[in-house]
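Novice:
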Ligand SMILES: Nc1ncnc2c1ncn2[C@@H]1O[C@H](COP(=O)(O)OP(=O)(O)OP(=O)(O)O)[C@@H](O)[C@H]1O
Ligand SMILES: [Mg+2]
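In our numbering, the protein residues as written are 8 to 282.
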């Protein structure tokens, strides 16, 4: 009976299709025995995990566990003392952040980092600027769109606004946006680079409760189009809704690596959270 089922064409498709089986998709990011130290004290102490295309990994743990430091090691903001980081086959642990971004690894920060004196449209165009070679002045300052790259980037920015329901905010300055809209613009800026891996540090901070669900939906759609996501988040309902697997850190070490349902029943995880 089981053999018959496995022979069935439909089932074979289900088992092998990357869309329906994340385990079949490509490993996009591998961290192996990563160490980050500040003044001789290890904030990240030998952490390993991997994330596949189209998969979201939730990175959780108590305050000071080393989550942001781990993200900084991945993104290139912190020095990787030991260990390796491989992005889609490239060893990147000694590359500068901008070079990692060119290879497809981009990130957001615990505090929002979009430009408050630029409009949403300008924020998107400047994010895409480095990647397609458009000249910022001609796109942003409404001169004629001369080169093909300029037009391409403006079109991409507009498509991004449409996709995330933000066309009405195209000409709104960053400082006038709500907390949730700023988070979204930050994520859209990352997407302008057509990333393979997106790192998010507490993207729900400052987002009004009724908008959290929309942002989770947006992140799911980004994941489902094949981007690998690593999300640091204290809001566990967000981690549960989004994450295919969860890595738990405590005092710089990984103490669990499993599905959300498994880790909530893990004694070591409960102990870490209860202190
Ligand atoms: N730039 C730095 N210099 C020195 N120590 C640092 C630095 N950044 C972080 N640390 C220390 O490293 C440890 C881990 O900090 P980290 O910010 O990575 O934790 P976290 O898990 O992101 O915490 P939170 O949930 O509060 O954001 C903490 O003890 C922190 O004080
Ligand atoms: Mg942090």
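Note that beta-carbon positions come from the ideal geometry of N, C-alpha and C, so glycine has one too.
Keep in mind the model is a prediction, meaning the values are calculated, not measured.
For residue 65, which three-state DSSP category applies?
Specialist: In the structure shown, residue 65 sits in a strand (DSSP, three-state: E or B).
Novice: Considering only the alpha carbon of each residue, which of 272, 93, 92 and 64 lies closest to residue 226?
Specialist: The option with the nearest alpha carbon to residue 226 is 64.
Novice: How about residue 7 and residue 256: do their beta carbons lie closer than 8 Å?
Specialist: The structure shown has nothing for residue 7, since the chain only spans 8 to 282.
Novice: Drop a sphere of 10 angstroms on the beta-carbon of residue 70, count the other beta-carbons inside from all chains shown, and report buried for 16 or more, exposed for fewer.
Specialist: So residue 70 ends up on the exposed side.
Novice: Tell me which same chain residues have a C-beta within less than 6 Å of the C-beta of residue 199, skipping the five on either side of it?
Specialist: 131, 134 and 135, listed in sequence order.
Novice: Give the secondary structure of residue 175 by DSSP, where H, G and I count as helix, E and B as strand, and everything else as coil.
Specialist: Three-state DSSP puts residue 175 in a helix.
Novice: Considering only the beta carbon of each residue, do residue 104 and residue 41 sit closer than 8 Å?
Specialist: Going by C-beta atoms, residue 104 is not nearer than 8 Å to residue 41.
Novice: Any idea what DSSP makes of residue 162, helix, strand or coil?
Specialist: Correct three-state label for residue 162: helix.
Novice: Assuming residue 55 and residue 203 form a contact by the criterion Cβ under 8 Å, report the distance between their Cβ atoms to the nearest whole angstrom.
Specialist: At roughly 19 Å, the Cβ-Cβ gap does not stay under 8 Å, so residue 55 and residue 203 are not in contact.
Novice: Run the Cβ filter for me: residues under 5 Å from any heavy atom of ligand 1, listed in the order they occur in the chain.
Specialist: Listed along the chain, these residues meet the criterion: 45, 50, 70, 71, 72, 73, 74, 75 and 76.
Novice: To the nearest angstrom, how far is the alpha carbon of residue 294 from that of residue 154?
Specialist: In the structure as shown, the chain begins at 8 and stops at 282. Residue 294 is therefore absent and cannot be evaluated.
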